[in-house]
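Heads up: the structure comes next, in C-alpha cells.
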Amino acid sequence: METEPLYWVDSYLKNVKAKVISLLDDGFATDKTIFYPGGGGQPFDTGYVIIGNVEEVIKKSYRNGSLIVHVPDRPLDVSVGDELELVIDWDRRYRVMRLHTSLHIISAVMYEKSGYLITGSQIYVDRARIDFPAEEMNKEVALEIVEEANRVASKGYRVETFFVTPEEAREMKDLFRVADFKKYEKYMTGPLRVVKIGDIDIQFDGGTHVKDTSEIGEIKFLKYESKGRRNRRIYITVEP
Ligand SMILES: [Zn+2]
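In this note's numbering, the protein residues as written are 6 to 245.
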C-alpha cells in the first residue's frame, strides 16, 4: 500500500477525489493525495475532506512510510474503500510555494556572488529563513542579495521538476552545490526528484514550487541574524 504524491507531478492541484486505503489512530491514508506531508524545510498542508455531506478540517498531514496520513480535527466515520474528496488550503500552500522558490533563488544568487553553500533553511507559512556559512556577511550584503533575487525572480524563469537516476544525478555537477552532500548519499538508491529554475538553479527537492518565478511577487527582506560563529541567517517573506 502506498499513497501516490500528486503534488510532485502538479503542485497546482487544489482538490482531488481519492480512496481510503488505511486507517491509523489519528487519521486516514488514501491511494493518492495533494496534501504535502511536510519535510525538506517545507511545512505540511492543511485543508479539509468531504465525505458525502460531511466536511471536516484536516489540521495536519504527515508521511508514515509509504503512506501519507491526513489528520482530521475530530474523529471521522470513515472506512477502508471509502471514496472522498481532499481539498487543500490553497492560500497557505501557494504562499509556501512562493517562499520555497524564493529560497532557491536566494541560494543561487548567494552562490553566484560568493560561492556560499546553504547550511539550512526553513519555510513557515508567513516567512522563511535561509542560512549560509558566511562569516564576513553583514546586513548590507544580505539586503543586496535579496534585491538581486528580486531582479532574478521578476525575469520570469520557468521552474521544472523531474526525476533522475542516481547515476544521472552524480553526473549533474551543479546538484552538488548543497553544502553537506553526504547526507544525500543514503537517498542515492532510487529515482531522485530535481527542481530546476531556468539556468540559474538546480537542486534535489521534494517540495512544491511555482511554475514561473514571476509568480513570487516581491521578496521582502525581514531580518538578518548571526547564528553562532559562522552561520548567517536571512529571513524573508513574499508580498502581496
Ligand atoms: Zn527546496
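Cβ atoms here follow ideal geometry from the backbone N, Cα and C, with glycine treated the same way.
- request: Leaving out five residues on either side along the sequence, give the residues of the same chain with a beta carbon under 6 Å from the beta carbon of residue 4.
  value: Outside the shown range of the chain, which is 6 to 245, sits residue 4, and nothing can be said about it.
Contact check, residue 24 vs residue 35, beta carbons under 8 Å: Taking the sequence shown and counting its residues from 1, one reaches residue 24 at position 19. Taking the sequence shown and counting its residues from 1, one reaches residue 35 at position 30. It is a contact, given that the beta carbons lie within the stated cut-off.
- prompt: Any idea what DSSP makes of residue 242, helix, strand or coil?
  reply: Along the sequence shown, read from residue 1 onward, the residue named residue 242 stands at position 237. DSSP places residue 242 in the strand class (E or B) of the three-state scheme.
Residue environment, residue 164, which counts as buried when at least 16 other CB atoms sit within 10 Å: Taking the first residue of the sequence shown as position 1, residue 164 is located at position 159. Burial state of residue 164 is buried, judged by a 10 Å Cβ sphere holding 16 or more other Cβ atoms.
message: Which residue wins for smallest C-alpha separation from residue 123, given the options 239, 244, 245, 43?
response: Residue numbering aside, residue 123 sits at position 118 when the sequence shown is read from its first letter. Ranking the options by Cα distance to residue 123, first place goes to 239.
- prompt: residue 215 and residue 100: beta carbons closer than 8 Å?
  reply: The sequence position of residue 215 within the sequence shown is 210, counting from 1. The sequence position of residue 100 within the sequence shown is 95, counting from 1. No, these two residues do not count as a Cβ contact at 8 Å.
Residues bridged to residue 197 [DSSP beta-bridge criterion]: As a position in the sequence shown, residue 197 is number 192, starting the count at 1. According to DSSP, which records beta bridges pairwise, residue 197 is partnered with 169.
- request: Indicate the three-state DSSP secondary structure (helix, strand or coil) for residue 139 in the structure shown.
  value: Here residue 139 corresponds to residue number 134 of the sequence shown, with the count starting at 1. Three-state DSSP puts residue 139 in coil, outside helix and strand.
message: Do residue 135 and residue 89 count as a contact pair if the criterion is CB distance below 8 Å?
response: Along the sequence shown, read from residue 1 onward, the residue named residue 89 stands at position 84. Along the sequence shown, read from residue 1 onward, the residue named residue 135 stands at position 130. Against a cut-off of 8 Å, the Cβ pair of residue 135 and residue 89 comes out as no contact.
task: Spell out the partners DSSP gives residue 42 in its beta bridges.
output: Working through the sequence shown from its first residue, we reach residue 42 at position 37. Beta-bridge pairing links residue 42 to no other residue.
- prompt: Since residue 75 sits in a beta bridge, which residues does DSSP pair it with?
  reply: Residue mapping note: residue 75 aligns to position 70 of the sequence shown, counting from 1. Per DSSP, 33, 66.
task: Compute the minimum distance between the beta carbon of residue 208 and the heavy atoms of ligand 1, and state whether it is under 7 Å.
output: For the purposes of this step, residue 208 is taken as the residue at position 203 of the sequence shown. Yes, the Cβ of residue 208 comes within 7 Å of a heavy atom of ligand 1.
Given 8 Å, three or more beta-carbon pairs between the stretch 140–156 and the stretch 73–86: Touching, no, given that fewer than three Cβ pairs across the two stretches are closer than 8 Å.
query: ligand 1 heavy atoms versus the CB of residue 109: any closer than 7 Å?
result: For the purposes of this step, residue 109 is taken as residue 104 along the sequence shown, with counting starting at 1. Checking every heavy atom of ligand 1 against the Cβ of residue 109, one is found closer than 7 Å.
message: Can you check which of these residues, 213, 58, 52, is closest to residue 65 by C-alpha distance?
response: As a first step, residue 65 must be located in the sequence shown, where it is residue number 60. Of the candidates 213, 58, 52, the one whose C-alpha sits nearest the C-alpha of residue 65 is 52.
query: Cβ of residue 75 versus every heavy atom of ligand 1: is any distance shorter than 7 Å?
result: By 1-based counting over the sequence shown, the position of residue 75 is 70. No, ligand 1 has no heavy atom inside 7 Å of this Cβ.
message: Check for me: the beta strand (DSSP E) holding residue 53 runs from which residue to which?
response: Numbered from 1 along the sequence shown, position 48 holds the residue referred to as residue 53. Annotation for residue 53: the continuous beta strand (DSSP E) segment containing it runs 52–56.
Pair within 8 Å by beta-carbon distance, residue 103 and residue 207: Stepping through the sequence shown from its first residue, residue 103 is reached at position 98. Stepping through the sequence shown from its first residue, residue 207 is reached at position 202. Taking C-beta atoms as the reference points, residue 103 and residue 207 fail to come closer than 8 Å.
query: Near residue 161, which residues of its chain fall below 7 Å by C-beta distance, leaving aside the five closest residues on each side in sequence?
result: Taking the sequence shown and counting its residues from 1, one reaches residue 161 at position 156. These residues qualify, in order along the chain: 217, 218, 219.
- prompt: Taking the alpha-carbon positions, what's the residue 41 to residue 198 distance?
  reply: Working through the sequence shown from its first residue, we reach residue 41 at position 36. Working through the sequence shown from its first residue, we reach residue 198 at position 193. Each residue's alpha carbon lies about 15 Å from the other.
message: Is any non-hydrogen atom of ligand 1 found closer than 7 Å to the C-beta of residue 4, if you look at the structure I gave you?
response: Summary: the structure shown does not reach residue 4, with the chain confined to residues 6 through 245, and so no result is reported for it.
query: Going by the beta-carbon positions, is the gap between residue 12 and residue 43 smaller than 8 Å?
result: Residue 12 sits at position 7 when you count from the first residue of the sequence shown. Residue 43 sits at position 38 when you count from the first residue of the sequence shown. It is not a contact, given that the beta carbons lie outside the stated cut-off.
query: Which same chain residues, not among the five before or five after residue 18, have their C-beta less than 6 Å away from its C-beta?
result: Against the sequence shown, residue 18 aligns to sequence position 13. Leaving aside the five residues that flank residue 18 on each side, the residues in its chain whose CB is nearer than 6 Å to its CB run, in chain order, 11, 39.
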